[in-house]
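Below is one structure, written out as structure tokens; comments come after it.
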Amino acid sequence: MPGKVAAIVARRRSNRPRHLLRQLRPAFLGRAIAATRPSSYVETQQFQPSSIVLSFFGQTDNNNGFRRFEVGRAPQSGLNNLWIHSLAQRRFCSLDSHESGGLIPPELLRNKTVLRSDSDIGKYADLVTRVTNFHCEDKGLMVLAGDVFDAPIRKDIVQRVVRWQLAKRQQGTHSTKTISDVSGTGRKAYPQKGTGRARHGSLRAPQFRHGATMHGPKPRSHAFKLQKKVRRLGLKIALSARTAEGKLIVFEDLEVPSHKTKNIVNYLAQLENTRKVLLVDGGPIDDKLKLATRNLQYVNVLPSIGLNVYSILLHDTLVMTRDAVSHIVERMHTPINR
């Protein structure tokens, strides 16, 4: 497809405020460029998975440090596909038929260019994301349910859920001995009168060495109740936060060619600004993947049934398979009182 139809430029390592989208005119030949921070993204709810037939390509401009993503034009220089995916999975831009010069069918376009700012997060809009694998291959697109992956960010809800999780996992096996539990004789230490000393009835009393402990801890459960709807909302918020940050990557599957750890290390080396990764599969974890990741402290694997808020917060990058996303959405849509 000829011409630069839609492009997005993202400035890396910049703390400057996000620039406004340039005014689109036919003189720009349907070119839409926006300089954004990595935390901002572009709305994708106008696309349908059956309609997107274009691919993103990368181009580097070494003069000003910009990375450019274009639709319908092959790259002039190589660029890390994983970085393109992580940055551009929610950074799409669209033009109407007039501004694009008729290069793109009208059904693929919207009447106006939509560039969502950070204040637009949490509108429950369905999102379209790219699907890839460990080999950086294009595996199509997938729709992320807006009520699960684009919920408003509520730190207070996340804090309540994390407290509930940590309290529930606390062992509570601490125990101290009362006067009836301490080993020792029960006879009176010395007569009540005649010695001039204080009156004591037992050497197992708390004031004596090796005596009892008064009001000390006993085995108990630290768990407290939290409504199911609050727990479910916390998971939605955690998933939405990772999606808004561009730190949610969808894989076709988590199959690795062998159990060698270097396969996972080589893949993670291509991800930028990633310190800890959580791999989530829809079913039981493959044995090869377990062996490949068990020696890496910064990589953990979970089945979708075990995905929780605390685990998501401990990892800055979340990798989920198609099946895992489908299972999580089904889990979130299941009525609580079924």
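At position 139 of the sequence shown the residue is numbered 139 (full-length UniProt numbering), and the sequence of numbers has no breaks. The C-beta atom is built at its ideal place from N, Cα and C for all residues, glycine as well. Just so you know, these numbers come straight off a predicted model, no measurement behind them.
In terms of Cβ geometry, PHE149 and SER240 form a close pair [threshold 8 Å]. Scanning the region 256-338 for uninterrupted beta strand (DSSP E) segments of 3 residues or longer gives 277-281, 299-303 and 317-321, listed from N- to C-terminal end.
DSSP lists THR129 as the bridge partner or partners of MET142.
For the pair of segments examined, the region 185-192 was found not to touch the region 237-257: the number of CB pairs separated by less than 8 Å stays below three.
Under the three-state reduction of DSSP output, LEU226 falls in the coil class, being neither helix nor strand. Within its own chain, the residues whose Cβ lies closer than 7 Å to the Cβ of ALA324, once the five positions on either side in sequence are excluded, are VAL280, ASP281, GLY282 and SER304, listed in chain order. In the assembly as shown, TYR190 is an exposed residue. Its beta-carbon has fewer than 16 other beta-carbons within 10 Å.
Note on LYS247: 16 or more other CB atoms within 10 angstroms of its CB, so buried under the neighbour-count rule.
Selection GLY234, ASP147, GLY196 and ARG294 evaluated against LEU127 yields ASP147 as nearest (Cα-Cα). When DSSP states are grouped into helix, strand and coil, LEU233 belongs to the helix group. Classified as buried, VAL277 has 16 or more neighbouring CB atoms from the shown chains inside 10 Å of its CB.
Membership of ILE249 in the beta strand (DSSP E) is indicated by the continuous run 248-251. Segment contact: the region 258-273 against the region 283-299, three or more CB-CB distances shorter than 8 Å; contact assigned. For VAL162 and ARG232, the gap between their C-alpha atoms comes out near 12 Å. Inter-residue distance for ASN337 and GLN270 is about 44 Å (C-alpha atoms, whole angstroms). Per DSSP, VAL182 lies in no alpha helix (DSSP H) and is assigned neither H nor E. The residues HIS222, ALA223 and PHE224, in chain order, have a CB closer than 7 Å to that of ALA167 in the same chain once the five nearest residues on each side in sequence are set aside. For ILE121, there is no enclosing alpha helix (DSSP H), as DSSP gives it neither H nor E. Counting every other CB atom within 10 Å of its CB across the protein chains shown gives ARG204 a total of 16 or more, marking it as buried.
By the neighbour-count criterion, in which a residue is buried when 16 or more other Cβ atoms sit within 10 angstroms of its Cβ, GLY172 is exposed.
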